[in-house]
Each structure stands twice: as C-alpha cells, then as structure tokens.
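Chains V and P supply the protein sequences, listed in that same order. Per our numbering, the very first residue in the first sequence carries number 589; after that it's consecutive. Per our numbering, the very first residue in the second sequence carries number 589; after that it's consecutive. Read the structure below first, then the notes.
2 protein chains.
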Amino acid sequence: MTDTESRAGRGRPRTLDAEQVLDVAVAAYWKDDPADVSVNAICQLAGVSKPSLYRAFGSEDGLTRAALDVYSARVLSDVFAILQGGRGLWPTLEALIDFASADPRMETGCVFYKMRAGKHRLGPLTRARVEELDQAALGAYAAFLRACRESGDWTGGPPVEAAAKYLNEQVALAITQRASGEDPARIREMLGLALSVFSGAADRS
Amino acid sequence: MTDTESRAGRGRPRTLDAEQVLDVAVAAYWKDDPADVSVNAICQLAGVSKPSLYRAFGSEDGLTRAALDVYSARVLSDVFAILQGGRGLWPTLEALIDFASADPRMETGCVFYKMRAGKHRLGPLTRARVEELDQAALGAYAAFLRACRESGDWTGGPPVEAAAKYLNEQVALAITQRASGEDPARIREMLGLALSVFSGAADRS
DNA sequence: ATCTTTCCGTACCGATTGGTACGAATAAGG
DNA sequence: CCTTATTCGTACCAATCGGTACGGAAAGAT
C-alpha cells in the first residue's frame, strides 16, 4: 500500500526517502504518545515538507498505519517469535517477562499498546491495523497456551481463551508501566506475580 | 479553593451555578476521555459562557482539578470505604472485584484512572491531585494488606508495598477494560484470576 | 529548445484549541 | 438621580491542528 517503489522515469527525481520518514515517525510515536505527535512535528524532525509527506502517505492515518506496520515488523515480530518458539510454558513466560520488564526497546513503552490505548483517536486505517494486530496477538497467545495444555505443561483451570486475554493484558500493563517510568525491577516483580497463576508454585525474588 | 460561596453584596447577581458546571464537567470527563473534552464543549453542555467559566475556575486546569475533586468525593470515597471496611481479605477483594467489574458507575471507566493514564496532558494542579490520589490509594491498599497480614488472613509471599501496587494496578486495568467495552463477565474472570495470587486456592467460575 | 511529466516546498485554508478585552447589564450605596 | 461594584456574554486573540492550491524546479522525450 505504501508507495515504496515508484518508477523513476520522467519527471523531477524524488528526494523524499519514505523509509527515513517512517523511521522518524516510529521513533517519535515510540518516545511520546502517538496522539501527541503531530504531522507538523514529524515533518520538522524528518526535514520534509508537509505536501511531500502527504504525497507519500495520503493522510495522517496513512502515515500512522505505515509506521505501525514498520514497528510491527521490527518489534512485535519478536514477541510472536517468543510465543512460537516451541519451548515450554515457563521458559516462554520468562522470556515474555524479560521482554516486557527488561528489554531496552520497551523503555519508553510500545507503539502498538500506546495506539491501542488511544484507539478512538486513530484514523480508520490505523485503527483497523491495531485491531488486526490485537487479534493476531490474542491468537498467538491462545495457540501457545493450547500447545502447553496439550503437552501437559499447563494444567491450570481457566479456559485457553480467557487465559490468552489475561496474558495479553498483563504484558500490556507491564509495558505501559514501563513507559510511565516505573522501576523495571518492580514491574518484573508484579508481572511475575500476575503470571504465577499459570503454575501452582512460581515464586520469584 | 473553588469560589463556592462569594458574598452577594453589591454588583450584578451571579447566575453561574458552579456546582452544576462541575456536574456537567464530571459527566463529560466520565463518558469520554478527559483529554478529548474541551472547555468549549463543557461551556456548551452547561449553557455557560466561557468567560464565566474562567471566572469561576481560573483555567482549564482549575476546572479539571475541581471536577476531579468532586469525582473523588463522590466515587473514589467508596473504594476507600471498601478497603477500610475492616472485613477479611477475601470479602474485601470480592467487593473490589464487584466494584470494578459490575458497578454500573464504572461502565464508562473511572475519571481518575483516565486522568492518570493521560497524566502528561494535564495541567500542574490536576496532575498534582492525581498523584496525591494515587499515593492515597496506594496507602489504603497497603494498609488493608498490612491489616490482613497481621490478622493472619494473608500469608502470601510478596511484600506489602509491592502487593499494594499490584492490587492498585489490577483494579485500574479492570476498570480501564470496562471503559473500552469489554464484557464485564470476562473482566470479572480476569480480575479474579489476577487476585487469586492472594490466596493459595481461589477459583471462581 | 520546447513540451510533458513528476516532484518540490511556500504559503495558504478552515476548524479548533485555551484564554481574554471590553462594554452592556444589574444590583446596592450615596 | 448618579456612582460604584460585580457579573454578564459577544467577539475577539494567537497558536496549532490536518490538509491543500499552486507555481517553480528538474528530469526525459521530441
């Protein structure tokens, strides 16, 4: 959908680097709340005129959506990789806890969760992507838990669907707290506590 | 601080009803995200001119702060009452779960938690109040847990401070999900799961 | 050289934001 | 009556928002 590769034939050569603009946008959405980052600000940060940006992305909605796609491919993919790693229940949960509470990339929060939290402020394209990603995440969590249950690794009470949603929200909560400057050690402690419901005895200091 | 009662002496009699304006403001902040409610909108809803509102509250910050105070006295007090009820661990946790997942007043979320989530968008007065209230809530949770521990009602592992923060955040998460239209039954299920860490065996259907 | 095509960015648009200048309105005191 | 005090609301302000009209610049085609 993004005008990545346009034929370089006749007219004035294009100087706008869409990928660089997206890098700037992702960085901006990452550091601040996406709702607080204006198109003007991104143009200034990227050293690009506003019409150029609109020519490349159509609208603010198009830009945020493209930025979310970049972020998804660059960061969220790692989370999906953790869930599909095929390791056991607790190694995977530990990896999730590490990611949420210690990964330096989550120091200022997660673009996706920030967008999800302010869903009503997004344009239709971006909102649709957010919902797709949320569904995909939920599916990945559910598949992971289903596998753990079938392998006898998890014998807990709650149904898979509810547990998947629970897992998703707890990770989101941890990362959101990360964005608000909470002490990572505290976050690890709380997330560990929240996820301890997945095994009878799971104490962490 | 709010100009509640001014002497009715000389000049033109005041027609602005500050309490009614605050009622309107609280209702607006309650239904939508406070960051999405403009002063203009509140003036229109309350049938009040903008200068009148600014005369009464000084600034948008003053208005949101006053509205938060009203909300606090009217709603948050109930949560503090639950925590200070002196009942046991689980009756109190059940009451919190009921409040978060079933109380009709939380159907569109909690003004306080909405403001806390968008803290950076608030003026200094309102932000200070939010932080005060957050500290007060944390203290109330901690006091409650300390009492439960001393009475032998709670023998869990995590230290009181961490558990208080955990409780606070889990309730906040539940209410926030409430605001985003999640099924209350699902929320109850998840919050129950999250709080089940406070007792060895606490299954709820 | 001229035409055509494509992209560039200045300079604008209307809408909305929080906030206010200022004169009319309405009371009491003299 | 006139003055003084207080509140009223119309009509404005500058800043910012997302978005665009438009003329110039830079290339290939003829």
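Think of the CB as a built atom: it goes at the ideal place given N, C-alpha and C, for glycine as much as any other residue. These numbers were taken from a predicted model, which means no experiment stands behind them.
Contact between the segment 649 to 658 of chain P and the segment 730 to 748 of chain P is not established, with fewer than three Cβ pairs separated by less than 8 Å.
Around Ser-784 of chain V, the beta-carbon contacts reaching into chain P at under 8 Å are Val-785. Tyr-754 of chain V reaches chain P at Met-778, Leu-781, counting residues in chain order whose Cβ is nearer than 7 Å. For Val-699 of chain P, the CB contacts under 6 Å within the same chain, skipping 5 residues up- and downstream, are Tyr-617, Trp-618, Tyr-659 in chain order. Scanning chain V for C-beta atoms nearer than 8 Å to the C-beta of Glu-757 of chain P yields Leu-761, Gln-765, Met-778, reported in chain order. At a cut-off of 4 residues, the continuous stretches assigned as alpha helix (DSSP H) that sit fully inside the segment 645 to 688 of chain V are 648 to 659, 665 to 671. Within the same chain, and ignoring the five residues on either side of Val-718 of chain V in sequence, the residues whose Cβ sits closer than 8 Å to its Cβ are Leu-656, Phe-700, Met-703, Arg-704, Lys-707, Leu-710.
The continuous alpha helix (DSSP H) containing Gly-727 of chain V extends over residues 712 to 738. Chain P has no Cβ within less than 9 Å of the Cβ of Gly-676 of chain V. Taking one beta carbon from each stretch, the segment 769 to 777 of chain V and the segment 739 to 749 of chain V have fewer than 3 pairs nearer than 8 Å; the two do not touch.
Of the residues assessed, Ala-613 of chain P falls on the buried side of the cut-off, its CB having 16 or more other CB atoms within 10 angstroms.
At least one CB of chain V lies nearer than 9 Å to the CB of Arg-709 of chain P. In the three-state DSSP reduction, Glu-770 of chain P falls in the coil class, being neither helix nor strand. One thing to note: Leu-641 of chain V has its Cβ no nearer than 9 Å to the Cβ of Leu-633 of chain V. Residues of the segment 730 to 745 of chain V whose Cβ lies closer than 8 Å to any Cβ of chain P, in chain order: Gly-745. For Arg-774 of chain V, the chain P residues whose C-beta falls within less than 8 Å of its own C-beta are Ala-750, Lys-753, listed in chain order. With respect to chain P, the C-beta atom of Ala-616 of chain V has no partner C-beta closer than 9 Å.
If you look at Cys-698 of chain P, you'll find it isn't in any alpha helix (DSSP H); DSSP assigns it neither H nor E. By the Cβ rule, the segment 669 to 681 of chain P does not count as touching the segment 678 to 698 of chain V, because fewer than three pairs are nearer than 8 Å. With respect to Leu-761 of chain V, Tyr-729 of chain V sits apart: the two C-beta atoms are not nearer than 9 Å. Arg-600 of chain V counts as exposed, since fewer than 16 other beta carbons sit within 10 angstroms of its beta carbon. The beta carbon of Gly-706 of chain V sits closer than 9 Å to some beta carbon of chain P. By the neighbour-count definition (other C-beta atoms within 10 Å, threshold 16), Gln-608 of chain P is an exposed residue.
Secondary structure of Leu-604 of chain P (DSSP, three-state): coil. For Ala-688 of chain P against Val-759 of chain P, the beta-carbon gap comes to about 5 Å, under 8 Å, which counts as contact. Between the beta-carbon of Asp-621 of chain P and that of Pro-712 of chain P there is about 20 Å, and that puts the pair past the 8 Å contact cut.
When only Cα atoms are considered, Gly-597 of chain V and Pro-639 of chain P end up about 59 Å apart. Proximity of Asp-621 of chain V to chain P, defined by a Cβ-Cβ separation below 9 Å, is satisfied. A residue is called buried when at least 16 other Cβ atoms come within 10 angstroms of its Cβ; Gly-780 of chain V meets this threshold and is buried. By the beta-carbon neighbour count (other beta carbons within 10 angstroms, threshold 16), Arg-653 of chain V is buried. Rounded to whole angstroms, the Cβ separation of Val-636 of chain P and Leu-684 of chain P is 37 Å, and the two are not in contact under 8 Å. In this structure, Ala-731 of chain P lies near Leu-671 of chain P, with their beta-carbon atoms less than 9 Å apart. Contact between Val-748 of chain P and Ser-784 of chain V does not hold, since their C-beta atoms are separated by about 17 Å, which reaches or exceeds 8 Å.
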